[in-house]
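Asks:
Residue numbers (full-length UniProt numbering), protein chains in the order written: chain A, 1 to 338; chain B, 1 to 209.
#1: Taking only the alpha-carbon atoms, compute the straight-line gap between residue 103/B and residue 316/A and give it to the nearest angstrom.
#2: Can you tell me which of 53/A, 93/A, 292/A puts its alpha carbon nearest to the alpha carbon of residue 110/A?
#3: Comparing the C-beta of residue 288/A with each C-beta of chain B, is any distance below 8 Å?
#4: Is DSSP giving residue 184/B helix, strand or coil here?
#5: Would residue 14/B be called buried (16 or more neighbouring beta carbons within 10 Å of its own) or exposed?
#6: Which whole runs of the beta strand (DSSP E) in the UniProt domain "CMP/dCMP-type deaminase" (21 to 146) of chain B are 3 residues long or more, in chain order?
#7: 8 Å is my cut-off, CB to CB: does residue 128/B come that close to chain A?
#8: Using a cut-off of 7 Å between C-beta atoms, extract the partners of residue 230/A located in chain B.
#9: Give me the Cα-Cα distance between residue 184/B and residue 174/B, rounded to the nearest whole angstrom.
#10: In chain B, which residues lie less than 8 Å from residue 207/A when you measure between Cβ atoms?
#11: So that I know if they touch, is there some Cβ in chain A lying closer than 8 Å to that of residue 131/B?
#12: Sorted by chain position, which residues of the same chain lie with C-beta nearer than 6 Å to residue 81/B's C-beta, five sequence neighbours on each side aside?
#13: Spell out the partners DSSP gives residue 323/A in its beta bridges.
#14: Between which two residues does the alpha helix (DSSP H) holding residue 54/A run?
#15: Going by other Cβ atoms of all chains shown within 10 Å of its Cβ, with 16 needed for buried, is residue 294/A buried or exposed?
#16: For chain A, check one thing: does any of its Cβ atoms lie closer than 8 Å to the Cβ of residue 120/B?
#17: If you count every other CB in all the chains shown that lies within 10 Å of the CB of residue 46/A, and 16 or more means buried, which is it?
#18: Whose Cβ in chain A lies nearer than 7 Å to the Cβ of residue 71/B?
#19: Tell me which residue opens and which closes the beta strand (DSSP E) that residue 87/A is part of.
#20: Does the Cβ of residue 32/B have 16 or more other Cβ atoms within 10 Å, making it buried, or fewer, making it exposed?
#21: Comparing the C-beta of residue 110/B with each C-beta of chain A, is any distance below 8 Å?
#22: Residues of chain B with CB under 9 Å from residue 313/A, in chain order?
#23: Reducing DSSP to helix, strand and coil, say where residue 62/A ends up.
#24: Could you list which residues in chain B have their beta carbon closer than 7 Å to that of residue 317/A, in chain order?
This is the structure in structure tokens:
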């Protein structure tokens, strides 16, 4: 083993050294889309509340409840401190080059007192879901934001304590060791482990077996090993000593003893896997009701972030959380040619 | 790629356009299997993998008995093809490239990806799978650009679709005794096809309506 590898591994043995991030839905990770709108300066501050009230009658902006109607001027050089949103560009039927207030407020009765000449702005089309989205969307126009603190912490890599990270590392290390054992057998160097977070027990450890069976990817192997632990199971693993399972201990699993419920497939369990699962495996995890997946490195046809986000796919009846980057370098090194 | 392989093997590719008689014949077998599954309390899906007019794989859903949520009819049938190949020392990829899958319900996303990984070129199916379908209903894995996930495949949908839907409806009106469903459908009738026995206290609640 060359010293460089040793050094790398040495660094990753410190859980504070690697960072991992949640894989969020497109809705949460993409930029919030914007709409073109007209705003106008409020030239007489005393008219503000009346203008807001009157404008909300003429242009209620019903689908844009997140939008704040009034904002502070963006440019200190502007003579008026406040600006109000008049309407969406799409609300105006005729669109002259530079529309006047008359063009925008088709109602003749509208009292334009205190309102200056309109100008074009962009406003967020929907409420932001994450803090980074909120910060970027607010540059266009102020919007309300209901912050999910867990998401904010997750995006900063601060959701988990060092103690929790040490646990994740222990589980991923089991997956890495299985991947190495699989590689020795001539399999793809991918390993996985399924754990019960309530008891901390490792219930199944497995590795890729696709040289013998094209569908036995590491995650599929682990799902079947969990089934063995529950008195089911399909395939035999005697020839692969690194693929092993333990039945869930009801004494240790608080969730099970609470309700007297038998474990059902992978409900409530977590998967640790060295490489991002493919479409087959990702959907198998949906069917198995996994609760969280942690993976090391992305894969080109990956279905938990790269090509698809099956874990938050609309229309499916079960969703789960995904984190990527756990012991990334160690996991990447597995598939590198030796 | 597929046409190259067919040429190399001197196969005319006619298996890719099965005749109406063939479709009716194999789908009829698949429907019988789905009925069997319904009667034993499994999801009513039946499928066959046909190669050169031979049935190499026959499957029905085995999720409950194996406690493995991936044991869908297609996966069971694919395993039988692999076994058939291994017994005869044939290359599964070569065999699968000339197989047609006949299945009563659109394959789910897992199965669609598995069919790609196994290089099955054609799937004939009954009704759409609105919950999990991987051939267009939820995602279109069958035709997607996934260069590292086997080969894409063609679908012939809609054969006896209403009948397949009716069987699924009958099944979902019953309670699956292995799933702990918090929500009980108010419109659910009693079990229609075969009795479903519950083994655990926690399930009785959900079936007591």
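C-beta: ideal position from N, C-alpha, C; glycine also.
Replies: The short version:
#1: Working through the second chain from its first residue, we reach residue 103/B at position 103. Working through the first chain from its first residue, we reach residue 316/A at position 316. Roughly 21 Å separates the two Cα atoms.
#2: The residue labelled residue 110/A in the question sits at position 110 within the first chain. When only C-alpha atoms are compared, the closest one is 53/A.
#3: Locating residue 288/A in the first chain gives position 288, counting from the first residue. It does; some Cβ of chain B falls within 8 Å.
#4: Numbered from 1 along the second chain, position 184 holds the residue referred to as residue 184/B. Low local confidence applies: a pLDDT of 42 at residue 184/B is under 50, so the model's placement there is unreliable, with the coordinate-based value given in what follows. Coil at residue 184/B, not helix or strand.
#5: By one-based count along the second chain, residue 14/B stands at place 14. The residue in question, residue 14/B, is exposed, as its Cβ has fewer than 16 Cβ neighbours within 10 Å.
#6: 46 to 51, 54 to 60, 99 to 105, 122 to 127
#7: Residue 128/B sits at position 128 when you count from the first residue of the second chain. No - not a single Cβ of chain A is within 8 Å of the one on residue 128/B.
#8: Residue 230/A sits at position 230 when you count from the first residue of the first chain. Going along chain B in sequence order, the residues near residue 230/A (Cβ under 7 Å) are 67.
#9: Your numbering for residue 184/B matches position 184 in the second chain. Your numbering for residue 174/B matches position 174 in the second chain. Here residue 184/B scores only 42 on pLDDT, less than 50, and its place in the model is too uncertain to base an answer on.
#10: As a working mapping, residue 207/A is identified with position 207 in the first chain. Going along chain B, no residue has its Cβ under 8 Å from residue 207/A, so there is no contact; the nearest lies around 17 Å.
#11: On the second chain, position 131 is the one that residue 131/B refers to. With 8 Å as the cut-off, residue 131/B counts as an interface residue toward chain A.
#12: For this step, residue 81/B is matched to residue 81 along the second chain. Hits under 6 Å: 49, 56, 57.
#13: Sequence index remark: in the first chain, residue 323/A carries index 323 (1-based). Paired residues: 22/A, 294/A.
#14: Translated into the one-based positions of the first chain, residue 54/A becomes position 54. Residues 48 to 58.
#15: As a first step, residue 294/A must be located in the first chain, where it is residue number 294. That one is buried.
#16: Here residue 120/B corresponds to residue number 120 of the second chain, with the count starting at 1. Output row for residue 120/B: interface = no.
#17: Locating residue 46/A in the first chain gives position 46, counting from the first residue. Result: exposed.
#18: Position 71 of the second chain, counted from the first residue, corresponds to residue 71/B. By Cβ distance, chain A contributes 234.
#19: The residue labelled residue 87/A in the question sits at position 87 within the first chain. Start and end: 82 to 88.
#20: As a first step, residue 32/B is located in the second chain; it is residue number 32 there, counting from the start. The residue is exposed, with fewer than 16 neighbouring Cβ atoms inside 10 Å.
#21: Taking the second chain and counting its residues from 1, the one referred to as residue 110/B is at position 110. So yes, residue 110/B belongs to the interface.
#22: On the first chain, residue 313/A is found 313 positions in, with the first residue counted as 1. What residue 313/A touches in chain B: 109, 138, 139.
#23: What you label residue 62/A is simply residue 62 of the first chain in a count that begins at 1. Of the three classes helix, strand and coil, the one that applies to residue 62/A here is coil, per DSSP.
#24: For the purposes of this step, residue 317/A is taken as residue 317 along the first chain, with counting starting at 1. By Cβ distance, chain B contributes 131.
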